[in-house]
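Quick note on numbering: the sequence shown equals residues 15 to 399 in my numbering. We treat Cβ as the ideally placed atom computed from N, Cα and C, and that holds for glycine. Only a predicted model underlies this, so the values are computations on that prediction, with no experimental measurement involved. Notes for the one structure printed next.
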Amino acid sequence: LEQGWPVGTGPYRLVAASESQQVFDRRDDWWAAKSGFAELPEIERFIRIPGGDAASAARLFAQGEVDFGGPLGKGDFEAARERNPDLMAWHNEGPSWGTADACVYILGLNTAVEPFNNPDVRWAINHAIDRNQLVTLAYENSTVPMVMPLSSFGGVLAYQDKIQDLLDQYQVDDPDLAKTEELMTGAGFTKDGEGFWVDGSGNRVVMTISTTGGRRPMGPPLAQQLRDAGFDAIAKHDETGQIVNGIRDGSEHAWIEPHCGAAQEPFPTFSHFHSKFSAPIGQTTGYRWANSRYENPEYDAILDAMEAMSPSVDDPEYVELWHQAADIWVRDLPEIVLAEERHVWTFNAKCWTGWPNEDDPYIAPYDLWGAFLKAILKLESTGAC
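Okay, here's the thing in structure tokens:
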């Protein structure tokens, strides 16, 4: 710190750092202000502190001890807001207080291992899932069910409109245990004396569904839905990060994780199913979000053609390639999308005004994204602190 490190071009410099906090002071000699490119932010000192667990973070907000951070769960946010009416989120009303972040929650499956290498088994699992029940039980309806790995950002929704015929044809969001039964029976599985699916050698279809972080609430209800459909499923939660390593090296077979990617058009996310990112069991996959180990040369060729073009929802050739890729993806269902990830990033409007929200959506509300500097530059004191 004495040497002026770390080096940055922003309006703040780090002046203190410990396990309990990081302190940034405004640089009154900031180049942008000196050159007239931008005005100095009103905030003179910026302090980051660890929020702790959900209950601790909610308590900090309820007591007015912090200005922003997150995410809070719906119940924690509403309880904190009862005590501190200055709190706000992206939406002015619930139950979905948060907004999209280019990610969806998925049931990931290792398609390189049996029986998850069989699309019929993946579809059978899909028909065992009631997404509406999941978002009700796990997130109190603070998010919405999804079937494609695309967020509700306007850019990608325009592309999803182009494949509505496929969504109508395949009916992904269709909880139907009779269809599960038909698909599993057709794939050669029978049920044992306890009602669980077994293969021809009597081996059960065991699903240990791993979760981390904010996906924990989804594990138990999803496992119960699958058990009700005859899959020997249990939920396993871990906060050490080892599950992610297992997902990438292939030792994990089923998991609930975010899948992040496309914010403007679908290629970034759908490229994650290109076989170039696959890897043999025991070797790490080629990208953090590309863990299905799905391999399909026909799909690869379509994605390669898309990559060579400038994406445009108004280009018939590009849209046709997108339609072909989506058709293969939905048909094979290499992962099962459950719901959108919507975080309740929380702001305290007592001291500062100008926070991003649905009424003033100049940026997404996430302080871990680089654009959040725009919020810091925009905030103005209310005079109440």
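Distance between residue j and residue i (C-alpha atoms, nearest Å)
i    : j    : result
P280 : G228 : 25 Å
I143 : N217 : 22 Å
F75  : V333 : 46 Å
Q239 : Y26  : 50 Å
G200 : A192 : 12 Å
W211 : F245 : 6 Å
S285 : I248 : 30 Å
F91  : D190 : 34 Å
I257 : K48  : 48 Å
L28  : G22  : 10 Å
F115 : L382 : First, the amino acid is wrong: residue 115 is Asp here, not Phe. Answer to the nearest angstrom: the Cα atoms are 11 Å apart.
Q35  : R62  : 6 Å
N4   : T113 : Since the first residue shown for the chain is 15 and the last is 399, residue 4 is missing from the structure and cannot be characterised.
D134 : M198 : 7 Å
D67  : E253 : 12 Å
G384 : R241 : 42 Å
F386 : V80  : 17 Å
A172 : T194 : 32 Å
L54  : F38  : 14 Å
G18  : A30  : 11 Å
E266 : W303 : 14 Å
H251 : R230 : 6 Å
Beta strand (DSSP E) segment containing residue i, residue limits
i    : result
Q36  : Q36 to R40
M221 : V220 to T225
Y308 : Unbroken run through Y308: none, as it is neither H nor E.
W269 : A268 to C274
G149 : The question names Gly, yet the displayed sequence has Val at residue 149. Careful: V149 lies outside any beta strand (DSSP E), inside the alpha helix (DSSP H) at R145 to Y153.
F60  : R59 to R62
A31  : Y26 to A31
Distance CB(residue i)-CB(residue j) smaller than 8 Å
i    : j    : result
Y119 : L352 : yes
A152 : P235 : yes
G83  : T360 : yes
E354 : S166 : yes
I223 : A243 : no
F291 : W343 : no
P163 : T283 : yes
I270 : T225 : yes
C206 : P129 : First, the amino acid is wrong: residue 206 is Asp here, not Cys. In this structure, P129 does not lie closer than 8 Å to D206 by Cβ.
V158 : S110 : yes
I316 : Q338 : yes
A72  : L86  : yes
D187 : V220 : no
Nearest to residue i (by Cα), restricted to the options the options
i    : options                   : result
P370 : F167, I295 and M102       : M102
N98  : W383, C365 and D175       : C365
S415 : A398, E128, R307 and T125 : Any property of residue 415 remains undetermined from this structure, which presents the chain solely from 15 to 399.
G89  : I261, D373, N155 and C399 : N155
T125 : D341, K176, L391 and N305 : N305
L391 : Q17, G24 and G18          : G24
W104 : A389, G384 and A378       : A378
D318 : A340, L335, D329 and D328 : L335
D341 : A398, Q183, A276 and H267 : Q183
K388 : C399, Y376 and A398       : Y376
Run of the alpha helix (DSSP H) containing residue i, from where it starts to where it stops
i    : result
F82  : Where F82 is concerned, there is no enclosing alpha helix (DSSP H), although the beta strand (DSSP E) it sits in stretches over F82 to L86.
R262 : Q256 to D263
L74  : A68 to A76
W19  : Unbroken run through W19: none, as it is neither H nor E.
W104 : From DSSP, W104 is part of no alpha helix (DSSP H); its letter is neither H nor E.
W45  : W45 to K48
P282 : F281 to F284
| Residue ranges of each alpha helix (DSSP H) run of no fewer than 4 residues wholly in the stretch 328 to 390, ordered along the chain? | 330 to 346
| Could you give the uninterrupted runs of the alpha helix (DSSP H) lying entirely in the stretch 163 to 248, keeping only those of 4 residues or more? | 168 to 175, 178 to 184, 191 to 200 and 233 to 242
| said: At 3 residues or longer, what runs of the beta strand (DSSP E) sit wholly inside the stretch 108 to 135? | reply: 113 to 123
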